Structure formats: structure tokens, C-alpha cells
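Chains as they are written, first to last, in the numbering used here: chain F, 7 to 217; chain E, 7 to 217. Every residue, glycine too, gets a C-beta built ideally from N, C-alpha and C. Keep in mind it's a predicted model, so treat the numbers as computed, not measured. A short write-up of the structure that comes next.
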């Protein structure tokens, strides 16, 4: 099936949303935890996390101009604090359910059945059920005028990973940590390692790293 | 293992790169194909693709300020055209190898053993071996001053997917298409579906979508 630009713009809205979201490949799935200045917690699934740099340690997420993620954005701007929590197969359905449009003031933690966890120095709640999780300090919001979305960039200020998933070279074995990936708007997947590969050099085929 | 900000900044450079890249979860892996105005082809693996919107159909990638991806950026700016090609288990090692620092003028297609494929109206080469692939027209470059990286935003103008992977609601079954995901800097994975879930609504648990 080949679609040209004229075909793409004529697709039915929901069909196009499924289709175009699928092209992004398998995506990072995280629950973003925030807390309002009044102390109301908010938790929402994002599939747009991207790595921006390791030094300083920076990451970005895309925020759309609609509820419920606006609570997330408001809380981040008001408190400068948010957490990103990987999802496990044991609670991916709850993670999905955080996308429902709950009334303001209701905590998605309570509504979907996940547990807020607090750490000294971090205002926003983590997800207790998550194995790999980290906190960010807000750094920059970039407005994408093309479609009214925002990029939120944060500095990673606290990291929690299971000891047995962290290797000697700094690699975190997300498969061992059971981190889930997603595709399209609503499909969830676990993974099976093909291999780690050695640093790519001209004239030398990459070697498999055994672990 | 818990790391605080003071710990993160003191990590050894390569260790930190492995570690911080791992936090991004399972990531979209694409080969970006470009062609210089003189007709030299370039192909590089990116793990930072993110979905930006379906209407208009937009996506972004993070480009770092170093070779060999600068050829990619230069070609995109000069020709406005690039392709994004999903990777299969049959050629993920070649995809990894495109990151080696080949001399300017050498085509990574030839060096790693992948085949350029051209389509009418699209200047940049696709990867023939890819099942799911699409072409973008350059729209915007955003400079991230914090660390000198760039976000390149493009409009999706042509899409190629296998007929048997495209469902009636527009969802593309990337698992059937054998799209590979990656984690950290060098780990490659295939996937196993947990489930698709129905649109999240307040007061209703998500249902599994059977297909």
C-alpha cells in the first residue's frame, strides 16, 4: 500500500490518527507524575519521550494542547518538577486508563489503582509500581506553532533503577526490568533481545556483546 | 540503586551515555535516508523519532552536532527531502553499522550492504529492505541551545506499508511487519504483543481489542 500526500490529507480523522501514530515505530511508554501547588496529584501516559543528551542529562516529551495533559503541563510549569516512570506488563492497562478524561482534582493514581511514592527533594510523585523511574526539573518549553503542540524539556535530577538491571558499563537492561513498549495509539508490547552490538567502526563488522 | 543529581554529573562519560540513554525506554529505530544536491546518498540510524501530530502528519528527530549525522542534516536542509525506514531483524546489524564515521562521499548504503530505492517525486532514497517506510518534507529546524542539538521537524508526504499489516481502523501492525525497537545506545529487540486496548473512558476499564 502506497499513500501520497493527497491521500494522507483525505483520510478519515480517527483512521489517520491510528495510521500516522503507527509510523513512529515502537515507542517509549512512560507515566508522567506531577503534583499541583495545592497538592493534587496527576498521572498521565506519554509515548513521546525522547533522549536529548547525556551531559547534561536531558529529555523531552511532546505535550498536546488538550486535556488531560494540560494539567500535567500546568503542574510542571508551576512546580518545575515531574517524574517519568516506566510501565510493566503487570499494570499497562492501568497506565492506558490514565488517558481517560478524569475531572480536575481527581488523582489518576487513585482512579486507576497505582500508588504515589515520594522521595526527598522531589516534589512530584513517582509510581511505586514502576521499576525504572526518574525525576526531571523543568528546563524549557518550546512551542511548535505548526500544530499547537509543546515540547517540554527537562533535566534528569534523580534516577531509580533495580540493582540487578544495571550493568558495569552503565547499560540498563530494560528487558530484565520488564519495561513495556507501545505502538500506534493503543498497542502494548514486551520485548525479546536480538543483541547488543559493539561501537560501530569503519571496516569492522559490529560484534555481539554477550552478557 | 538511587542516583542523585550530584552522582549523575560525576559519572564517567561513556558510562553516563549508556545509562542516560537507557532511561529513554524502548525507542523507535529508523534509518534516515538523504541525498546531497550532487547525488551522494547518506543513510544513518536514529533512535529519537517522535510523533508530533497526525493532521498535518508531522514527526521530529533529534540531530546531534557531530558527524556523521551532519551530512544528514546538511542534505535535509539543502534538498528538503528525507526518508525514514523501519529496521527488520534481518538487517539490524547493517543499520547499526551506518553509525560508523564513513568518509564524506561514501554511501552508507554501499558500505553496509543495503539497497537505495527511489520513488517518483521523492528526492531522497528509501531503503529497499525496509517494510514500513515514509518520506518527509523538511518543515522546521529548532536549535536546542542547552546542548547544541537540533530538532528536525518534517511533514509526512509519502507512506509505504505492507498491505497485510494495515488494519481496517488505520492501525499498522508493526510486529507483523517485524519492525525492530532499540534501547540504550546499542541494544536491539523484537517485540511480543500484550494487547491493543480500547479508547480510555472514565468509569470503564479498557477492553482488549482482538484481531
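message: Given a cut-off of 8 Å on the beta-carbon distance, is the pair residue 90/E and residue 38/E in contact?
response: Taking the first residue of the second chain as 1, we reach residue 90/E at position 84. Taking the first residue of the second chain as 1, we reach residue 38/E at position 32. For residue 90/E and residue 38/E, yes; Cβs fall inside 8 Å.
- request: Go through its chain and collect everything with a Cβ distance to residue 165/F's Cβ below 7 Å, but skip five positions before and after it.
  value: Translated into positions along the first chain, residue 165/F becomes position 159. Hits under 7 Å: 140.
Residue 63/F and residue 14/E closer than 8 Å at C-beta: As a position in the first chain, residue 63/F is number 57, starting the count at 1. As a position in the second chain, residue 14/E is number 8, starting the count at 1. A contact, by the Cβ cut-off of 8 Å.
message: Does chain E have any CB closer than 8 Å to the CB of residue 153/F?
response: Along the first chain, one-based indexing puts residue 153/F at 147. For residue 153/F, the answer is yes, since a Cβ of chain E falls inside 8 Å of its Cβ.
Sequence-distant residues of its chain with Cβ nearer than 8 Å to residue 128/F (five each side left out): Numbered from 1 along the first chain, position 122 holds the residue referred to as residue 128/F. Same-chain partners within the cutoff: 87, 89, 141, 163 and 164.
message: Tell me which residues share the same chain as residue 194/E and place their Cβ nearer than 7 Å to its Cβ, disregarding the 5 neighbours each side in the sequence.
response: The sequence position of residue 194/E within the second chain is 188, counting from 1. Once the five neighbours on either side are set aside, the close Cβ partners of residue 194/E are 98, 186 and 188.
field: For residue 146/E, the residue or residues it bridges with in DSSP
entry: Working through the second chain from its first residue, we reach residue 146/E at position 140. Looking at the DSSP assignment, residue 146/E forms a beta bridge with 159/E.
task: Quick one: list the residues of chain E neighbouring residue 113/F, beta-carbon separation under 7 Å, in chain order.
output: Numbered from its first residue, the first chain carries residue 113/F at position 107. Those within 7 Å of residue 113/F in chain E number zero; the least Cβ separation is about 13 Å.
query: Does the region 207 to 214 of chain F come close enough to the region 10 to 24 of chain E to have 3 or more Cβ pairs within less than 8 Å?
result: no
message: I need the straight-line Cα distance from residue 143/E to residue 160/E, nearest angstrom please.
response: Taking the second chain and counting its residues from 1, one reaches residue 143/E at position 137. Taking the second chain and counting its residues from 1, one reaches residue 160/E at position 154. In a straight line, the C-alpha of residue 143/E is about 5 Å away from that of residue 160/E.
- prompt: Using a C-beta to C-beta distance shorter than 7 Å, which residues of chain E count as neighbours of residue 169/F?
  reply: Taking the first chain and counting its residues from 1, one reaches residue 169/F at position 163. Within chain E, the residues near residue 169/F are 7.
- prompt: If we call anything under 8 Å between Cβ atoms a contact, is residue 84/F one with residue 43/F?
  reply: If you number the first chain from 1, residue 84/F lands on position 78. If you number the first chain from 1, residue 43/F lands on position 37. Yes.
message: What does the Cβ neighbour count give for residue 47/E, buried or exposed, with the cut at 16 atoms within 10 Å?
response: Your numbering for residue 47/E matches position 41 in the second chain. Label assigned to residue 47/E: buried.
task: Would you kindly check if the distance between the Cβ of residue 82/F and the Cβ of residue 40/F is under 8 Å?
output: On the first chain, position 34 is the one that residue 40/F refers to. On the first chain, position 76 is the one that residue 82/F refers to. In contact: residue 40/F and residue 82/F (Cβ atoms closer than 8 Å).
message: So, at 7 Å on beta carbons, what are the nonlocal neighbours of residue 149/E in its own chain, with the 5 sequence-adjacent residues on each side left out?
response: Indexing the second chain from 1 puts residue 149/E at position 143. Excluding residues within five positions, the ones whose Cβ falls inside 7 Å are 156.
query: Does any C-beta atom of chain F lie closer than 8 Å to the C-beta of residue 14/E?
result: Along the second chain, read from residue 1 onward, the residue named residue 14/E stands at position 8. It does; some Cβ of chain F falls within 8 Å.
message: Restricting to Cα atoms, I'd like to know which of 45/E, 71/E and 103/E is closest to residue 147/E.
response: Translated into positions along the second chain, residue 147/E becomes position 141. Comparing Cα-Cα distances from residue 147/E to each of 45/E, 71/E and 103/E, the minimum goes to 71/E.
field: Closest by C-alpha distance to residue 190/F, when choosing among 191/E, 190/E and 201/E
entry: Your numbering for residue 190/F matches position 184 in the first chain. Looking at the Cα atoms, 201/E is the closest of the given residues.
field: Supposed close pair residue 177/F, residue 170/E - CB separation, criterion 8 Å
entry: The count along the first chain starts at 1 and reaches residue 177/F at position 171. The count along the second chain starts at 1 and reaches residue 170/E at position 164. Not really, about 35 Å apart at Cβ, beyond 8 Å.
- request: Determine the contact status of residue 66/F and residue 52/F, defining contact as a CB-CB distance below 8 Å.
  value: One-based indexing of the first chain puts residue 66/F at position 60. One-based indexing of the first chain puts residue 52/F at position 46. Their beta carbons are not under 8 Å apart, which means residue 66/F does not touch residue 52/F by this criterion.
- prompt: Residues in its own chain within less than 8 Å of residue 126/E by CB, not counting five upstream and five downstream?
  reply: Along the second chain, read from residue 1 onward, the residue named residue 126/E stands at position 120. Hits under 8 Å: none found.
query: What's the gap between the Cα of residue 106/F and the Cα of residue 112/F?
result: Position 100 of the first chain, counting from 1, holds the residue named residue 106/F. Position 106 of the first chain, counting from 1, holds the residue named residue 112/F. Computed Cα separation, rounded: 12 Å.
For residue 16/E and residue 182/E, the rounded distance between their alpha carbons: Within the second chain, numbered from 1, the residue matching residue 182/E stands at position 176. Within the second chain, numbered from 1, the residue matching residue 16/E stands at position 10. Each residue's Cα considered, the two are about 43 Å apart.
task: Specify the secondary structure class of residue 14/E as computed by DSSP and reduced to three states.
output: Indexing the second chain from 1 puts residue 14/E at position 8. Three-state result, residue 14/E: helix.
query: For a contact meaning CB atoms closer than 8 Å, what does residue 200/F contact in chain E?
result: Working through the first chain from its first residue, we reach residue 200/F at position 194. 95, 98, 186, 194, 195 and 196, listed in chain order.
- request: With DSSP collapsed to three states, give me the class of residue 95/F.
  value: As a position in the first chain, residue 95/F is number 89, starting the count at 1. Helix, per DSSP.
field: Secondary structure of residue 78/E, DSSP reduced to three states
entry: Residue 78/E sits at position 72 when you count from the first residue of the second chain. Here residue 78/E sits in helix by DSSP.
- prompt: Residues of chain E with a CB under 8 Å from the CB of residue 142/F: which are they?
  reply: The sequence position of residue 142/F within the first chain is 136, counting from 1. By Cβ distance, chain E contributes nothing, its closest Cβ being about 10 Å from residue 142/F, past 8 Å.
task: Have a look at the DSSP bridge pairing and note the partners of residue 34/F.
output: By one-based count along the first chain, residue 34/F stands at place 28. Paired residue(s): 187/F.
Nearest neighbour of residue 34/E, chosen from 22/E, 197/E and 206/E [CA to CA]: As a working mapping, residue 34/E is identified with position 28 in the second chain. When each option's Cα is compared against that of residue 34/E, the closest is 197/E.
message: Within the continuous alpha helix (DSSP H) that includes residue 27/F, where are the two ends?
response: Along the first chain, read from residue 1 onward, the residue named residue 27/F stands at position 21. Counting along the chain, the alpha helix (DSSP H) containing residue 27/F begins and ends at 19 to 29.
- prompt: In or out: residue 100/F buried (at least 16 other Cβ within 10 Å) or exposed?
  reply: Here residue 100/F refers to the residue found at position 94 when the first chain is read from its first residue. Under this definition residue 100/F is a buried residue.
task: Using the DSSP secondary-structure output, state which residues sit across from residue 214/E in a beta bridge.
output: What you label residue 214/E is simply residue 208 of the second chain in a count that begins at 1. DSSP lists 203/E as partners of residue 214/E.
query: Mapping DSSP to helix, strand and coil, what is residue 102/E?
result: By one-based count along the second chain, residue 102/E stands at place 96. DSSP places residue 102/E in helix when its eight states are reduced to three.
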